[in-house]
Structures are given as structure tokens and as C-alpha cells.
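In the working numbering, the protein residues as written are 2 to 555.
In this text, a Cβ means the ideal position worked out from N, Cα and C, and glycines have one as well.
In this text, all values refer to a predicted model and were calculated from it rather than measured experimentally.
Notes follow once the structure below has been shown.
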């Protein structure tokens, strides 16, 4: 039977305990308790948890088994855990012995017990049933919207930034990576197919039998890495025809490691005559001999395997792990609230992320009129998408190697159809047409100018119009490129724009708060679904903390 069949979903009873957590306290202490974060949590957050617990009902059986322990209370314990960055045992001890936790969750002290296994099982259910965390994201959205409404915060101006998150892995170079990946596969092979494990080379079995902490031995790292790479290639070639073993994740990781780090050459291939065939006939091994050469760096290094224990982690310019895109409100007096987030591999860059962010904000009724972001976000499609949505993307646009006196599309006159009327020198184009620019996949609109007029122009060499040795000069005039040139010109030598842009830097304090106070920098979990679970809870807990603190200050 499935573990979920042992429990049946039952909504949390709304009947409040007759003798609750503060009943044994003096009246003065009860009044103080109601004014703490616990009282605000019970008043503002607990009703949200009770109203959204139905989203998690399908994690349990509908009509069979023992009634489950309250989902709303489990979610509350998870939020309180992440708000204070506690371990499982620490939060469960606080729930059992701390009257503030019991009062916040409105639980009688005699019922304030939950085992670590039950808490871990609840998180595992969410990971198995919803690896993308759509249910938990709805709870995050509900908390953010409720906080914004309760505190009367403005969402007109928001800011966006990414921060790196490291899962529970450790990397020590390629020798360690090969060693851990091979040992993981060999362990699974021994448990599942012991007869196949016994046929492996003696040297490989002797190495596996050694204590993992002993390292590879006295050999130099380069020699050790070469030996490990050859063993990895041999394991891939030996079992690639076995459909059962080839379906294992541990074998797939070994194959992935070989593809990314090794170049395998077969010296017996007949390239020009009979020498290769003769060499193959002399081979006495079970498999044809191959030459294994290690790459200087892995192929596609950003998405290469970083740890066999977390294959989803990748390598980006900030390091190994994951990248979290975080959006929050700004320019509010009471506090700021996180409005959106996304968990991505670290190898992903920030280009193209503003579109999905604005779409989610718009779906939740939180679309800003200004979105501030750093220079990693703006590119032509992002500027065009923001313009279509009526949002100003307040972000520095790089001009690359263009000179300061460069004449861009912002100096040209356009009609309502988006065609050029005249250039900065008053010359009208001879025609418009569609063509591919610089190997682009699609044809785009271009304005064509008389070649001789451009050669005689005083702006020649500084103007965006370009031409070849023959034919007319052309200017690509898509809406995105026009927006980019306008942004570059507007930001150039404009102190007022840069003064407005200062609001973006405030999100760096939020990133620091999430990492120092909520443990976002180094998580206790690994693999993408559990990373999403941890990140969602931590960001929701940060919103709860800010909300309750601001509401008590009012």
C-alpha cells in the first residue's frame, strides 16, 4: 500500500480549545502574549493557512485511513521554522514547549506534539505530488497579497534581482566528482546486481573497498583522475547494452560524466586499410581497447554535473547551485513585501526573466508601473515586452563599444506605422523592406537610404545607418531596437535617471536578510524539487515576519 493510503484528509477543526495555551498564564502575561508576534500570527496568518489547506487535500486518501494531522498547522510550523531558521527538532521542541508557538497556532498544550517523521513525511508528499510547488506558490501569493492589502502598500514600483542558492552539496574538484559518482553507481550495482558487480576489474573493486575518506592513494591527482576516467568509460561501455542498468539514474550520471569530461577514441577503427582490422583481431579483452583523454574543461561547463547527489545543480558566474529571481515592492514606509520569485539553475543568466516575472505579477493583480533591475536583465526582447505591458524597465542598458557621440535610432523620426520618415540630417529613406540581419532567424523591417547621401553625411561613422561597398545604407527599425537606443540616450549623462535608479540597490539588503536570517544561502536539502520547497517556505516566512512586525508597529 502507498503511504498516502494510510491517512485520510480531514479539514482542521475550527473549534477553538476551551483551555488554550495562555489559559494558565496570569492576565498580564496573556495580554503581553497577545501583543507579540504570536498574537499577530494567530490573527492574520492562521486564517490564511486554514483557508488554503484544501489545496493539499489530494496528498491524502479521500475516504480511507486514519484522519491526518492538521495540514494548516503543519504549514504553520514550516513557516515558523523558516522564519527563525530552525532545524526540524528545534521547531518541534518549540512547538511542544514554547507557549508562543502554541498560541500562534491556537493549539492546546496537551496536543502540541508532532514527530519529526510526520513533518518530514509531509514535505516528502509535497515534493512527490507537486515538484514545481504550484500549491505552495499559491500560499506564498496569498500571504503577499494579504500583507499588501493589510498594510496598504503600493506595488507601483518594484525591484528585481537574482541571488545564488547552494544546496546541501560539497565540491572538491574533478577527482572528488568522479570518485563520488563511481561509488554511487557501484553501491547500487552491488545491491541490485551482485553477480555483475563481481565481474568488474579487480583494481576497481579494490579501490571501492577502501575507505572513502582515505582518498585515492598516494598517486598524483592527474594520475588518479585519468584512472577514474578510464574506469568510468569502461562501466559505460560495459552496461550500455543492458536496458535495466542503463535506466538507473546512477548509471546515467556516470555516462553524463564521461560525455562532459572525456574524449574516447577507438584506435582499432579502420581508417585507411587493414592495420586497424589487424589490431582489432589481436584484441583479447572482452571489449575493444579505447584511448581516454580528459578535456581541459567539461563540455558545456555551465550545465555540467556538479555533484552526483544533486544532478540539478549547475555552475553559473556566481558559483555552483541554483539562482533565485526575487521581486519586491519598494518606496513604502511601513515595510516591503516580496511579490514574486523563481528558482532556476545557476547556469541560467538573467536575460529574458523580466517577461515571466511581469506575467506572474499581472496574473496576481500586482503588476507595477516601474520595475527596477540591474544591468543583467535588459535586452531588446525584454524592453519590448515591458513596453507592451505598459511597464517602465528601469535598468541600465549597455551601449557596448559605441562611442559617446553615437547617433542612434532615437534621433530618427518615425510615423505611426513604425517606418522612418527622415534621418537626423533630414534625409528621407528611399524605401522600406524586410531582410535578415547578422544571421538572425527572422526577417525584420529595415529602412534603406541612398548610398551617396550617406557617404556625404557629416554623421558618417557615428550613425546607426550602415552600408557595404555597394548598395544602399540600411537601418533596422524594430520597436525593440528603438526602445534600446532611446534608453541608452536617456541614461547618458542624465543624473536624474541615475538618482531614480538608486531604489534598485535596496534589494541587496533583502538578499542579505534572506541568507543571514533565513538560511537561504546554504540549504539543508538537495535536488530541484526540495530546493523549490525550501525557497518558497523561506520567502513566504520572510513576508510573514515583515508583515507581522509592521502591523504591530502601526
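Proximity of residue 367 and residue 83 at Cβ, strictly below 8 Å: By one-based count along the chain shown, residue 367 stands at place 366. By one-based count along the chain shown, residue 83 stands at place 82. Cβ distance not < 8 Å, so residue 367 and residue 83 don't count as in contact.
By how many angstroms is the C-alpha of residue 405 removed from the C-alpha of residue 491? Locating residue 491 in the chain shown gives position 490, counting from the first residue. Locating residue 405 in the chain shown gives position 404, counting from the first residue. Computed Cα separation, rounded: 12 Å.
On the three-state DSSP scale, how would you describe residue 8? Your numbering for residue 8 matches position 7 in the chain shown. Residue state, collapsed to three classes: strand.
In or out: residue 266 buried (at least 16 other Cβ within 10 Å) or exposed? The residue given as residue 266 occupies position 265 in the chain shown. Exposed, by the Cβ-count rule.
Can you give, in chain order, each stretch of the alpha helix (DSSP H) that sits fully within the region 146-203 and has at least 4 residues? 175-193, 195-198
Are the Cβ atoms of residue 552 and residue 152 separated by less than 8 Å? For the purposes of this step, residue 552 is identified with residue 551 of the chain shown, where counting begins at 1. For the purposes of this step, residue 152 is identified with residue 151 of the chain shown, where counting begins at 1. Yes, the pair counts as a contact, with Cβ atoms nearer than the cut-off.
Find the nearest neighbour of residue 56 within the set 89, 516, 351, 141, judged by alpha-carbon distance. For the purposes of this step, residue 56 is identified with residue 55 of the chain shown, where counting begins at 1. The candidate whose alpha carbon is nearest that of residue 56 is 141.
I need the boundaries of the alpha helix (DSSP H) containing residue 531, first residue and last residue. Sequence index remark: in the chain shown, residue 531 carries index 530 (1-based). Looking at the DSSP string, the run of the alpha helix (DSSP H) that includes residue 531 is 529-554.
Does the region 322-331 come close enough to the region 161-173 to have 3 or more Cβ pairs within less than 8 Å? yes
Who are the near neighbours of residue 365 in its chain, counting only those whose CB is closer than 6 Å to its CB and skipping five residues on each side? As a first step, residue 365 is located in the chain shown; it is residue number 364 there, counting from the start. Taken in chain order, the residues that qualify are 142.
Take every Cβ of the region 165-172, pair it with every Cβ of the region 306-320, and state whether three or more of those distances are shorter than 8 Å. yes
Taking CB distances under 8 Å as the criterion, tell me whether residue 345 reaches chain C. Among the chains in the structure shown there is no chain C, since it carries only a single protein chain.
Can you tell me whether residue 379 is buried or exposed? The criterion is at least 16 other CB atoms within 10 Å of its CB, across all chains shown. Stepping through the chain shown from its first residue, residue 379 is reached at position 378. Residue 379 should be labelled buried.
Pull up the CB-CB distance for residue 377 and residue 351, whole angstroms please, since I reckon it's below 8 Å. Within the chain shown, numbered from 1, the residue matching residue 377 stands at position 376. Within the chain shown, numbered from 1, the residue matching residue 351 stands at position 350. With a Cβ gap of about 4 Å, residue 377 and residue 351 count as contacting.
In this structure, does DSSP put residue 360 in helix, strand or coil? Indexing the chain shown from 1 puts residue 360 at position 359. Helix.
Which residue's Cα is closest to the Cα of residue 131: 200, 542, 533? Locating residue 131 in the chain shown gives position 130, where the first residue counts as 1. Ranking 200, 542, 533 by Cα distance to residue 131 puts 533 first.
Going by DSSP, what residues sit across from residue 450 in a beta bridge? For this step, residue 450 is matched to residue 449 along the chain shown. DSSP lists 474 as partners of residue 450.
Going by other Cβ atoms of all chains shown within 10 Å of its Cβ, with 16 needed for buried, is residue 174 buried or exposed? Residue mapping note: residue 174 aligns to position 173 of the chain shown, counting from 1. By the 10 Å Cβ count, residue 174 comes out exposed.
To the nearest angstrom, how far is the alpha carbon of residue 90 from that of residue 117? Along the chain shown, read from residue 1 onward, the residue named residue 90 stands at position 89. Along the chain shown, read from residue 1 onward, the residue named residue 117 stands at position 116. Between residue 90 and residue 117, the C-alpha separation is close to 7 Å.
Which ranges does the alpha helix (DSSP H) cover as unbroken runs of at least 4 residues, wholly within the region 65-107, from first to last along the chain? 72-85, 89-98, 100-105
Residue 489: first and last residue of the uninterrupted alpha helix (DSSP H) it sits in: If you number the chain shown from 1, residue 489 lands on position 488. Residues 480-492.
Using 10 angstroms around the beta-carbon of residue 275, count the other beta-carbons present and answer buried if the total reaches 16, otherwise exposed. Position 274 of the chain shown, counting from 1, holds the residue named residue 275. At residue 275, the pLDDT of 49 sits below 50, so the modelled position is not reliable; the number obtained from the coordinates is stated separately. Flag for residue 275 reads exposed.
Proximity of residue 398 and residue 372 at Cβ, strictly below 8 Å: Here residue 398 is taken as the residue at index 397 of the chain shown, counted from 1. Here residue 372 is taken as the residue at index 371 of the chain shown, counted from 1. Not closer than 8 Å, so no.
Would you tell me roughly how many angstroms separate the C-alpha atoms of residue 35 and residue 53, rounded to the nearest one? To locate residue 35, count along the chain shown from 1; it is residue 34. To locate residue 53, count along the chain shown from 1; it is residue 52. Roughly 24 Å between the two C-alpha positions.
For residue 7, which residues from the same chain have a beta carbon less than 6 Å from its beta carbon, with the 5 sequence-adjacent residues on both sides left out? The residue given as residue 7 occupies position 6 in the chain shown. Taken in chain order, the residues that qualify are 66.
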